[in-house]
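Here the sequence shown is numbered in numbering that gives the first Met the number 0, starting from 0 and rising by one per residue.
A virtual CB, placed ideally from N, CA and C, is assigned to each residue, including glycine.
Keep in mind the model is a prediction, meaning the values are calculated, not measured.
Working notes, structure below.
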Amino acid sequence: MSSPGALSPKLKVADLTGKVAIITGSTRGIGKECAIALAKQGCNIVIAAKTTKPEPTLPGTIYSVAEEIEKLGVQALPVKVDMRSLDNIKECVRLTVEKFGRIDILINNASALWWQNIVDTPMNKYDLITQINARGSFAMTSLCLPHMAKNGFGRVICMSPPIQTGFRAFKGFTAYNISKFGMTMCAMGAAAEYEGKGITGHSLWPATIIESQASKNFELGGRDQWRLAAILSDAVLGLVSAPDSYTGHQLIDDEYLQEEHGLTSEDLAVYRCDPNVEPSRALAEAAHGHRSESDGLKRGDVRKLDKDLKQSSGFSKL
0 MSSPGALSPK LKVADLTGKV AIITGSTRGI GKECAIALAK QGCNIVIAAK
50 TTKPEPTLPG TIYSVAEEIE KLGVQALPVK VDMRSLDNIK ECVRLTVEKF
100 GRIDILINNA SALWWQNIVD TPMNKYDLIT QINARGSFAM TSLCLPHMAK
150 NGFGRVICMS PPIQTGFRAF KGFTAYNISK FGMTMCAMGA AAEYEGKGIT
200 GHSLWPATII ESQASKNFEL GGRDQWRLAA ILSDAVLGLV SAPDSYTGHQ
250 LIDDEYLQEE HGLTSEDLAV YRCDPNVEPS RALAEAAHGH RSESDGLKRG
300 DVRKLDKDLK QSSGFSKL
């Protein structure tokens, strides 16, 4: 029998009844998909995000997602959180413990995108992405870990790429990599410092562009080259269900599902946005140090998308 939260019928997921997950950036896209998947497994969800009023380019609010979650038979707690604000993060953790008395799962998903050369990166943009991505994830992780430790169970998952050492991986991505590798280091630190104490840490990154509001707003290729966000939520379900001994991994979604859960390349077809087209694994190739697909790709302020598109030569196959 397939697990209710998983898209793949092959995935076997633990019963999460009574568990509590904080998911940052969970009003849409990957974060929301993870929230729904965990809720279907019985997990209570804290929607920690900034959007409280719907906007044309940013549908969904912490309240609308909370309503959807509660229709699945679990409890939801919407909390307005700006990941740049330590006070917001502290209040989110306080309210979570006040309502549920525990924290079991943290998914650091909230993130800001900036794919530009060093000289095209103003310090205010550098500060923005590092404050949201690296600093925000570190703060949330540090505040959640003590509560996980009390119950001897915790799962920290950061939506961030494997750390690379080859210098060419930084061409056009220096500031972004600093911020995203910082998220990965948070997960690795949690794994190392709590090894053997029931708490695990992992980073998780997509092999392909994922269908989301960001991929639409930033025009990251066509839908036939995207996968559904469910591939990441399925991977999250697997990691949450994994034994405590499985920890400290920097993972690519499809590789993890194949290596640890036995999915075949044919099984992965369920995650295609276009059922007839297998998307390019451009992000996986880049994460493994092969930048040919993304060389010259530029994205920054969505209001300056036309300029970025004219300057971009990357993702030519998308």
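Open item on the list: Does chain B have any CB closer than 7 Å to the CB of N116?
Closed with: Considering every chain present, this structure includes no chain B. It has just one protein chain.
TODO: Mind reading off the beta-carbon distance from H260 to L10? Whole number of angstroms is fine, and I expect it under 8 Å.
DONE: 6 Å
Task: CB-CB length for K18 against C42, believed under 8 Å - done: 5 Å
Task: Three-state secondary structure assigned by DSSP to R83 - done: coil
Task: Sequence-distant residues of the same chain with beta carbon closer than 6 Å to T16, five excluded per side - done: G41
Open item on the list: When you compare the CB positions of G135 and I198, do they come within less than 7 Å of one another, or not?
Closed with: no
TODO: Using the Cα positions of F172 and I29, report the straight-line distance between them to the nearest angstrom.
DONE: 22 Å
- [ ] Drop a sphere of 10 angstroms on the beta-carbon of P121, count the other beta-carbons inside from all chains shown, and report buried for 16 or more, exposed for fewer.
- [x] exposed
Open item on the list: Between which two residues does the beta strand (DSSP E) holding H201 run?
Closed with: I198 to W204
Task: Burial state of V348 (16 or more Cβ within 10 Å) - done: Because the chain in this structure spans residues 0 to 317, residue 348 falls outside the shown range and cannot be described.
Task: Chain-order list of residues whose beta-carbon lies under 7 Å from that of R298 (same chain, five-residue window excluded) - done: L112, W114, F217 and D307
Open item on the list: Going residue by residue through the stretch 3-39, where are the continuous alpha helix (DSSP H) segments of at least 4 residues, counting only ones entirely within it?
Closed with: 28-39
TODO: Would you check if there are 3 or more beta carbon pairs closer than 8 Å linking the stretch 274-282 to the stretch 197-212?
DONE: yes
Task: Sequence-distant residues of the same chain with beta carbon closer than 8 Å to L85, five excluded per side - done: A138
Open item on the list: Let me confirm a value: R167 is counted as buried when at least 16 other C-beta atoms fall within 10 Å, else exposed. Which label applies?
Closed with: exposed
Task: Nearest-angstrom beta carbon gap, V64 and I46 [assumed within contact, 8 Å] - done: 5 Å
Task: Rounded C-alpha distance that separates L69 from N107 - done: One detail in the question is off: residue 69 reads as Glu in this sequence, not Leu. Computed Cα separation, rounded: 22 Å.
Open item on the list: So for L227, helix, strand or coil by DSSP?
Closed with: Correct three-state label for L227: coil.
Task: Anticipated Cβ contact below 8 Å, A286 with G247, distance rounded - done: A286 to G247, Cβ: 17 Å. No contact.
TODO: Quick one: using the 10 Å Cβ neighbour count with 16 as the cut-off for buried, is A34 buried or exposed?
DONE: buried
Task: Collapsed DSSP secondary structure at E192 in the structure displayed - done: helix
Open item on the list: Do I104 and V239 count as a contact pair if the criterion is CB distance below 7 Å?
Closed with: Here V239 is near I104, since their CB atoms are less than 7 Å apart.
Open item on the list: Comparing C-alpha positions only, which one of A148, K49, A234 and R83 sits nearest to N132?
Closed with: R83
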